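A.B. asks:
Next up, the structure:
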């Protein structure tokens, strides 16, 4: 068995350029070979078995190396502004490749095209699909498909034919390449690559329309590329092309494209449906997302239809429903993991691109390669020009010349072409030439265009985007405008995208959501955004409250606990209410965190204070008609705090405890806010004279309202009184809990508000 | 455009009345259909004649961007303002130049309907106002409205292509 192992390992390619690793490879050989002969076998004190771990070990080292490179770039901030990351990674890859070449090592066999297509590419594409901004995408969907399909077709045929023409010139010595092979090659290099493009475009922040069109184009041109590639490689082996083959090709294209989308949608729905039932198994929720998308990809590969489209449509459909069904944590996990693996994958791809460039055998042919470059550029430019002219009348916002330039210039080739080149069948005579040419094109576009695109765009002043802050206002107004547009279009008798969108949303709400979402209540995007923002702020305040570490975990653990408890006992509606309640009173915190985002800037206290005043005033106003007892609550507010450390935790324990005992104690939690007094407004946030909060004790029936006195900081306990009339609201039924919140909603929030608000105050030394 | 007007004008009086608008099923179902209708009937008139019809619809023309050379937001500022003004009027039913909380609540209620409870509506409106309200008068004036949308591409959102 050991011999088999050795035999197997000898077949593996030694990888690391570090010479030291060659040694361990040799040792086991020696050690084992002597073993059978050595009768007096002492227990070996120190053994090494490198072949066993070789492959995972190498993979890990490569990934680490690439990640170190990535860290290294960001040390010098300036570099990343001017040079996109992809270029840097390729450069490092080139360097490493050069080292390896000089040591006469082979590149790791890990990068086969199989590995690329089955493991690396799906991750990247999944990330692109998952994080695609859906609204702009669907608004521009026609343009995207137009460019993706027709554009790629145009490019490949154009480049192919012109290269064929060049091949006829005997001076270049490439006459043996026939038309089919040329077309095959051009199909490879006309594929605009999502990895490279995104890398570059993200930093440049062009306007949204442009971005989404380029983005969408490079994702969806896969369908065309696959068809063309397969068709031409099939045809390249045939001596004669018949017209029926062309028709078959067209039919095949539709199957490929639409089939890919159909599979994607199917898997997306199945995934959404599955997550409807995963409330008990929260830990594996992210798994479903990954597995289903990967399954979509593989099944599409099985049928040789466009797997990229499958996985993208899967991610698109899935995202909307899954994010409603899964818990907040799972949602975060999914996003993070997707981003992480995509980042790794991308890094590795570029890295290997650099390495393999050095280590493969090249066949260089000046004429062919230079003309390839030229034609790639020219045909893309022409293509964009012509296509834009045709489609501009259909667009609401036509592309102007600058946009078109951005589109044309942003057509970077990258890893997909590279992998496709490697999978060329060896029957093609000039395979090496093609590979070399592909690498040349990739390097040229990524380096030259990638580096120069930023200054050029700034120079030409393409319309840039201002990254929108997500605010409720914008969302509300946009929704209003959409409704308006739907109405106006109705008026004009026009069926346009708003109409379809409206129709789809209705269908969605009526049918799809009921099936696919656990609590299939229709939810507007405004409410969704609102909840999301408030939750975000809550999380942020917990993160940035760098003060009391001991209390921090309890807060963090509180919210999921609360959530879990809540979801266990109550419907999502209740949860929503609770979030809502909390959020109402967390407004002030949010204002703080806006300032925190800078991480170095101090928050604007006066503004937050003012807003707090207003906020509480309005809440009090809304409270008053419902309050059981109108209290002369002073319109000033106080800042409460706990003595550093313990009580906050104990307070939360109390709160948590109250949640579980969902009866009388809950009402205690609800009461105090009624009494919460707010202190002098003229207080700096770093004030120290705080009133220690009191641990919620037993129910006390004190009708009078106490004014908590600031000066009573000497007393360890402030007192929260309860009101006798509250006792009515103590109802044993858990359902009433919900309505309790309803009636006294702001009060609960107040408690939490106080507690949460106290965070920044606890560390006066660190400016909050 | 006149053809459109005529097709809407059912009783051929040469002007549109509220019934004509309501006959459009889609508009009736639109949550803010009523408000859109109101926008057409300015200043208490009962009917809309062709010129005012056209004038209102002109708000939705896509602006011609190519001529404007300045800055990042390449729209003719006046047309953008006009669009914003129209949107503002959809909120501001009493035409006092401000969107009060109550008006905002009404719109929200219309758009969100049965999905949310009253408290949630309140809090959403609350948040919206406090985000936008800079002079602290508890209402959103037109300038504040404009400012809150300054980064949004209004032109894309409020254009009907066939009106070019």
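Protein chains in written order, with the UniProt record's numbering: chain A, 1 to 768; chain B, 1 to 164. Glycine is no exception: its CB is placed at the ideal position from the N, C-alpha and C atoms. Remember, predicted model here, so these are calculated numbers, not experimental data.
Residues in its own chain within less than 6 angstroms of residue 423 of chain A by CB, not counting five upstream and five downstream?
C.D. replies: Here the question's residue 423 of chain A lines up with position 423 in the first chain. Excluding five sequence positions before and after residue 423 of chain A, the CB atoms of its chain that fall closer than 6 angstroms to its own CB belong to 113, given in chain order.
A.B. asks: Excluding the five sequence neighbours on either side, which residues of its own chain have a C-beta within less than 6 angstroms of the C-beta of residue 45 of chain A, listed in chain order?
C.D. replies: Residue mapping note: residue 45 of chain A aligns to position 45 of the first chain, counting from 1. Nothing listed; no residue qualifies.
A.B. asks: Quick check on DSSP: helix, strand or coil for residue 426 of chain A?
C.D. replies: Working through the first chain from its first residue, we reach residue 426 of chain A at position 426. Assignment of residue 426 of chain A by DSSP, reduced to helix, strand and coil, places it in the coil class.
A.B. asks: Identify, in the order they occur along the chain, each residue of the same chain with its Cβ nearer than 7 angstroms to the Cβ of residue 144 of chain B, setting aside the five sequence neighbours on each side.
C.D. replies: Taking the first residue of the second chain as 1, we reach residue 144 of chain B at position 144. Result list for residue 144 of chain B: 132, 133 and 134, in chain order.
A.B. asks: Can you tell me whether DSSP reads residue 647 of chain A as helix, strand or coil?
C.D. replies: To locate residue 647 of chain A, count along the first chain from 1; it is residue 647. In this prediction, residue 647 of chain A has a pLDDT of 39, which is less than 50 and means its spatial position is unreliable; what the coordinates show is noted afterwards. Residue 647 of chain A: helix per DSSP, three-state reduction.
A.B. asks: Does any residue of chain B bring its CB to less than 8 angstroms from the CB of residue 513 of chain A?
C.D. replies: Taking the first chain and counting its residues from 1, the one referred to as residue 513 of chain A is at position 513. So, not an interface residue.
A.B. asks: For chain A, find out if any of its Cβ atoms is closer than 8 angstroms to the Cβ of residue 87 of chain B; answer yes or no.
C.D. replies: On the second chain, residue 87 of chain B is found 87 positions in, with the first residue counted as 1. Chain A contact via Cβ: present.
A.B. asks: What are the start and end residues of the alpha helix (DSSP H) that includes residue 165 of chain B?
C.D. replies: The structure shown does not extend to residue 165 of chain B, since chain B spans only 1 to 164, so no value can be given for it.
A.B. asks: Determine the contact status of residue 186 of chain A and residue 257 of chain A, defining contact as a CB-CB distance below 8 angstroms.
C.D. replies: Locating residue 186 of chain A in the first chain gives position 186, where the first residue counts as 1. Locating residue 257 of chain A in the first chain gives position 257, where the first residue counts as 1. Cβ distance not < 8 angstroms, so residue 186 of chain A and residue 257 of chain A don't count as in contact.
A.B. asks: Touching or not, the region 405-424 of chain A and the region 207-214 of chain A, by the rule of three or more beta carbon pairs under 8 angstroms?
C.D. replies: yes
A.B. asks: Nearest-angstrom Cα distance between residue 206 of chain A and residue 460 of chain A?
C.D. replies: Stepping through the first chain from its first residue, residue 206 of chain A is reached at position 206. Stepping through the first chain from its first residue, residue 460 of chain A is reached at position 460. Between residue 206 of chain A and residue 460 of chain A, the C-alpha separation is close to 12 angstroms.
A.B. asks: Using the Cα positions of residue 34 of chain B and residue 537 of chain A, report the straight-line distance between them to the nearest angstrom.
C.D. replies: Translated into the one-based positions of the second chain, residue 34 of chain B becomes position 34. Translated into the one-based positions of the first chain, residue 537 of chain A becomes position 537. Each residue's alpha carbon lies about 36 angstroms from the other.
A.B. asks: Does residue 68 of chain B get closer than 8 angstroms to chain A when you measure Cβ to Cβ?
C.D. replies: Taking the second chain and counting its residues from 1, the one referred to as residue 68 of chain B is at position 68. Its pLDDT being 40, under 50, residue 68 of chain B is placed unreliably by the model, and nothing is read from it.
A.B. asks: Are there 16 or more other CB atoms within 10 angstroms of the CB of residue 60 of chain A, so buried, or fewer, so exposed?
C.D. replies: What you label residue 60 of chain A is simply residue 60 of the first chain in a count that begins at 1. Exposed, because fewer than 16 other Cβ atoms sit within 10 Å of the Cβ of residue 60 of chain A.
A.B. asks: Under 7 angstroms between beta-carbons, which chain B residues line up against residue 479 of chain A? List them in chain order, please.
C.D. replies: Within the first chain, residue 479 of chain A is the residue found at index 479, counting from 1. Near residue 479 of chain A (Cβ distances below 7 angstroms), the residues of chain B are 111.
A.B. asks: Restricting to Cα atoms, I'd like to know which of A/166, A/244, A/298 and A/428 is closest to residue 371 of chain A.
C.D. replies: Here residue 371 of chain A refers to the residue found at position 371 when the first chain is read from its first residue. The residue with the shortest Cα to Cα distance from residue 371 of chain A is A/166.
A.B. asks: Cutting at 6 angstroms between CB atoms, please list the residues of its own chain near residue 403 of chain A, excluding the five before and the five after it.
C.D. replies: The sequence position of residue 403 of chain A within the first chain is 403, counting from 1. Excluding residues within five positions, the ones whose Cβ falls inside 6 angstroms are 210.
A.B. asks: Whose Cβ in chain A lies nearer than 9 angstroms to the Cβ of residue 107 of chain B?
C.D. replies: Taking the first residue of the second chain as position 1, residue 107 of chain B is located at position 107. Under the 9 angstroms cutoff, chain A gives 476 and 480.
A.B. asks: Per DSSP, which residues does residue 99 of chain B bridge with? Please list them.
C.D. replies: On the second chain, position 99 is the one that residue 99 of chain B refers to. The beta-bridge partner set that DSSP reports for residue 99 of chain B consists of B/140.
A.B. asks: In chain A, which residues lie with their C-beta within 9 angstroms of the C-beta of residue 99 of chain B?
C.D. replies: Walking along the second chain from the start, residue 99 of chain B turns up at place 99. Listed by position along chain A, the residues whose Cβ is nearer than 9 angstroms to that of residue 99 of chain B form an empty set, because the closest Cβ is around 10 angstroms away.
A.B. asks: Would you kindly report the start and end of the unbroken alpha helix (DSSP H) that includes residue 132 of chain A?
C.D. replies: Along the first chain, read from residue 1 onward, the residue named residue 132 of chain A stands at position 132. Where residue 132 of chain A is concerned, there is no enclosing alpha helix (DSSP H), given that its DSSP letter is neither H nor E.
A.B. asks: Is the CB of residue 58 of chain B under 8 angstroms away from at least one CB in chain A?
C.D. replies: What you label residue 58 of chain B is simply residue 58 of the second chain in a count that begins at 1. Interface with chain A (8 angstroms Cβ-Cβ cutoff): residue 58 of chain B is excluded.
A.B. asks: In the structure shown, what three-state DSSP assignment does residue 192 of chain A receive?
C.D. replies: Stepping through the first chain from its first residue, residue 192 of chain A is reached at position 192. Coil, per DSSP.
A.B. asks: Do residue 90 of chain A and residue 350 of chain A count as a contact pair if the criterion is CB distance below 8 angstroms?
C.D. replies: Within the first chain, the letter at position 350 stands for residue 350 of chain A. Within the first chain, the letter at position 90 stands for residue 90 of chain A. Contact: yes.
A.B. asks: Which of the three DSSP states is assigned to residue 206 of chain A in this structure?
C.D. replies: Taking the first residue of the first chain as position 1, residue 206 of chain A is located at position 206. In this structure, residue 206 of chain A counts as strand in the three-state DSSP scheme.
A.B. asks: So the candidates are A/82, A/50 and A/51; which of them puts its Cα closest to the Cα of residue 449 of chain A?
C.D. replies: What you label residue 449 of chain A is simply residue 449 of the first chain in a count that begins at 1. It is A/82 whose Cα lies nearest to the Cα of residue 449 of chain A.
A.B. asks: Would residue 119 of chain A and residue 338 of chain A be called neighbours here (beta carbons separated by less than 8 angstroms)?
C.D. replies: Numbered from its first residue, the first chain carries residue 119 of chain A at position 119. Numbered from its first residue, the first chain carries residue 338 of chain A at position 338. Their beta carbons are not under 8 angstroms apart, which means residue 119 of chain A does not touch residue 338 of chain A by this criterion.
A.B. asks: Give a yes or no on whether the minimum CB-CB distance between residue 134 of chain B and chain A is below 8 angstroms.
C.D. replies: By one-based count along the second chain, residue 134 of chain B stands at place 134. Chain A, which has no Cβ nearer than 8 angstroms to the Cβ of residue 134 of chain B, makes this no.
A.B. asks: Looking at residue 193 of chain A and residue 417 of chain A, is the spacing between their C-beta atoms short of 8 angstroms?
C.D. replies: As a first step, residue 417 of chain A is located in the first chain; it is residue number 417 there, counting from the start. As a first step, residue 193 of chain A is located in the first chain; it is residue number 193 there, counting from the start. Yes, they are a contact pair.
A.B. asks: Comparing C-alpha positions only, which one of A/170, A/179, A/85 and A/221 sits nearest to residue 158 of chain A?
C.D. replies: In the first chain, the residue the question calls residue 158 of chain A occupies position 158. When each option's Cα is compared against that of residue 158 of chain A, the closest is A/179.
A.B. asks: Please check if any C-beta of chain B sits within less than 8 angstroms of the C-beta of residue 143 of chain A.
C.D. replies: Sequence index remark: in the first chain, residue 143 of chain A carries index 143 (1-based). Judged by the 8 angstroms Cβ criterion, residue 143 of chain A is not in contact with chain B.
A.B. asks: Kindly give me the distance between the Cβ atoms of residue 182 of chain A and residue 163 of chain A, rounded to whole angstroms, as I take these residues to be in contact under 8 angstroms.
C.D. replies: For the purposes of this step, residue 182 of chain A is taken as residue 182 along the first chain, with counting starting at 1. For the purposes of this step, residue 163 of chain A is taken as residue 163 along the first chain, with counting starting at 1. Yes, they are in contact, since the Cβ atoms of residue 182 of chain A and residue 163 of chain A sit about 5 angstroms apart, within 8 angstroms.
A.B. asks: In whole angstroms, what is the alpha-carbon distance linking residue 399 of chain A and residue 218 of chain A?
C.D. replies: For this step, residue 399 of chain A is matched to residue 399 along the first chain. For this step, residue 218 of chain A is matched to residue 218 along the first chain. Taking the straight line joining both Cα atoms gives about 18 angstroms.
A.B. asks: Report the neighbours of residue 139 of chain B on chain A: residues whose CB is nearer than 9 angstroms to its CB, in chain order.
C.D. replies: Counting from one through the second chain, the residue named residue 139 of chain B turns up at place 139. Those do not exist, as residue 139 of chain B stays about 13 angstroms from chain A at its closest Cβ, beyond 9 angstroms.
A.B. asks: Any C-beta of chain B within less than 8 angstroms: which residues of the region 57-84 of chain A qualify?
C.D. replies: none
A.B. asks: Using the Cα positions of residue 196 of chain A and residue 261 of chain A, report the straight-line distance between them to the nearest angstrom.
C.D. replies: The residue given as residue 196 of chain A occupies position 196 in the first chain. The residue given as residue 261 of chain A occupies position 261 in the first chain. Computed Cα separation, rounded: 24 angstroms.
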